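Below: the structure, in structure tokens.
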Amino acid sequence: MYAAFNLILSNKLDYYYDLGTKLLDKNKALIRKGLESFIIKDGFINGTKIQSNWFPLIEADVFISYAYKDEKIAVALAGWLNENFKLKVFVDSCVWGYSEELLKIIDDGFCLEEDKEYYNYFKRNKSTSHVHMMLSIALSKMIDNTECLIFLNTPNSLNVSEVIGSTGSPWIYYEIAMTKLIRKRNPNFHRIKSPDIYVFNSNLPIKYYLEMDELIELSEDDLYIWKEKYTSGNSLDTLYEMKSLLKKD
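As numbered in the numbering used here, the sequence shown has no gaps in its residue numbers, which increase by one up to the final residue, 1063.
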């Protein structure tokens, strides 16, 4: 990662939602059904194989972090970025396959009681821990390998009725926290080309405090100024120059 931005967006960019959806559907990874191919000798589950199939590392220019209720806005923003700058965008809600679906498959196969009607509480805790750990590792790798992170700041992501900076999403909390820990790398390191838009979904009603002091403010006006200023070359460089992150030679 090179830079992280805090985007306050009022225009929902509805026109670009269909474009973002088409690009997302075109590049969506196929969710693998069943655990048979992941089970190795002695009945153990091959966690490494599950990680690579359900949580593959995908190359993208921009990682969009957002509340699950803002998925339509995030997909529209991804469409806008792709249409205007040809940027490849990762939107964290679909492509890896829902972690809940993977959990259901594992729980049905390994966590049911003998009566096959109820789940074993302790086994379910373990399965959830394993899947969420895989997801956390995958998110960390994705942020590390993406040049730019944009946090979509809306009332859905930040609970304005509480202390400023609180959030109801553990994954937003995790993603923003990782921006403080992930190594900062030169933009040229990230510029290997690949498909366009990717998505993963999360939903849990718990509040966390977000430390966003290191995120660079980005307004809706900035987006349109960026569009006007960009002429050629890598479009992210134009944004970095606008925000005094990248000095012109």
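Ideal placement from N, C-alpha and C gives every residue a C-beta, glycine not left out. Since the structure is predicted, the reported quantities are computational estimates derived from the model, not experimental observations.
With distances taken from CA atoms, which of N896, R997, K863 and S866 is nearest Y830? N896
Which complete beta strand (DSSP E) runs does the segment 885-921 hold, if anything under 3 residues is left out? As for any beta strand (DSSP E) of minimum length 3 sitting wholly inside the segment 885-921, the runs are 903-905, ordered along the chain.
Per-residue burial, F965 [other beta carbons within 10 Å of its own, 16 or more giving buried]: Label assigned to F965: buried.
Where I986 and T993 are concerned, what is the direct C-alpha to C-alpha distance, given to the nearest angstrom? 11 Å
Taking all protein chains shown into account, decide if Y880 is buried (16 or more other Cβ within 10 angstroms of its Cβ) or exposed. buried
Contact check, V876 vs G834, beta carbons under 7 Å: In this structure, G834 does not lie closer than 7 Å to V876 by Cβ.
Going by C-alpha to C-alpha distance, which of D1036, S941 and K886 sits closest to D906? K886
Out of E1034, D1027, L953 and P1001, state which residue places its alpha-carbon closest to the alpha-carbon of E1055. P1001
From M956, D1027, L1032 and D1035, pick the residue whose C-alpha is nearest to that of I996; which is it? M956
Please return the same chain residues whose Cβ sits closer than 7 Å to the Cβ of I1080, not counting the five positions on each side in sequence. Any question about residue 1080 goes unanswered here, given that the chain covers just 815 to 1063.
Could you give the C-beta distance for L1050 and C962, rounded to a whole number, given that I count them as a contact under 8 Å? 6 Å
Counted within 10 angstroms of its Cβ, other Cβ atoms place N939 as buried (16 or more) or exposed: exposed
Would you call G1111 buried or exposed, if buried means 16 or more other Cβ atoms sit within 10 Å of its Cβ? This structure cannot speak to residue 1111, because the chain is shown only from 815 to 1063.
For S1058, does the three-state DSSP call read helix, strand or coil? coil
Is it right to say M948 is buried, meaning 16 or more other beta carbons lie within 10 angstroms of its own, or is it exposed? buried
Express the C-alpha separation of L1060 and Y816 in angstroms, rounding to a whole number. In a straight line, the C-alpha of Y816 is about 10 Å away from that of L1060.
Beta-bridge pairing of Y1033 - partner residues as DSSP gives them: For the sequence presented, residue 1033 should be read as Ser rather than Tyr. Partner(s): I822.
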